[in-house]
Amino acid sequence: SSTQFEAFCAGGLAPGWNLLIQGHADSGEDRFEIHFLSETGDIAFDVKPWFSSTTMVGSAFQGGRWGLAELSSIFPLAPGEPFEIEVSSDVEHFHVYAWEHKVLQSPHRQRPLGTITRVCVLSDHLWSRVKLVTSQLRMKLNGY
Numbered sequence: 001s002s003t004q005f006e007a008f009c010a011g012g013l014a015p016g017w018n019l020l021i022q023g024h025a026d027s028g029e030d031r032f033e034i035h036f037l038s039e040t041g042d043i044a045f046d047v048k049p050w051f052s053s054t055t056m057v058g059s060a061f062q063g064g065r066w067g068l069a070e071l072s073s074i075f076p077l078a079p080g081e082p083f084e085i086e087v088s089s090d091v092e093h094f095h096v097y098a099w100e101h102k103v104l105q106s107p108h109r110q111r112p113l114g115t116i117t118r119v120c121v122l123s124d125h126l127w128s129r130v131k132l133v134t135s136q137l138r139m140k141l142n143g144y
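In UniProt numbering, the protein residues as written are 1 to 144.
Spelled out as structure tokens, the structure:
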């Protein structure tokens, strides 16, 4: 997969930030990934919607290995259809919503949150809109 969106947050992420992704999943695409990366290159939180298995997976890659995966029991997305995914954070957890349905909640494995300085969306297809809003950064990118 290639990078379709990348944002750097100089001060790191803080509770209250929000990432909104709106797009149209091509019928040939099985999955895409959303990475929240730390200064060390670890993946503090990884979200993968898998269309073929109708599952949303959340995990972290730290110290050279993947941690326990969180699996969704709800998957309101369909191949070939428009979608909306929102990822937000509070002090304790990442929260993932699809079409405003909560699909995942994952505890923070990377502390402090301020060490999470980069957000990437990896996909072979283009998105119609990606918007990242944090307490320290307001960014809106269209055409992605």
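Glycine is no exception: its CB is placed at the ideal position from the N, C-alpha and C atoms.
- One alpha carbon belongs to G114, the other to H24, and they sit about 31 Å apart.
- In the three-state reduction of the DSSP assignment, L113 falls in the helix class.
- Distance check between R111 and each of M56, T3, F5 and L13 places L13 closest, using alpha-carbon atoms only.
- Nearest neighbour of G67 by Cα position, chosen from S73, I74 and S59, turns out to be S59.
- DSSP places C9 outside both helix and strand once states are collapsed to three, so it counts as coil.
- Counting C-beta atoms within 10 angstroms of its own C-beta, E70 has 16 or more neighbours from the protein chains shown and is therefore classed as buried.
- Going by beta carbons, V96 and V47 fall inside the 7 Å limit.
- A buried status is given to H108, since no fewer than 16 other beta-carbon atoms sit within 10 Å of its beta-carbon.
- Rounded to the nearest angstrom, the gap between the Cα atoms of N18 and R31 is 21 Å.
- Closest in C-alpha terms to P79, from the list V119, Q4, S53 and E39, comes S53.
- In the displayed model, A44 falls within a strand according to three-state DSSP.
- Under the three-state reduction of DSSP, H108 is assigned to coil, being neither helix nor strand.
- Assignment of G23 by DSSP, reduced to helix, strand and coil, places it in the strand class.
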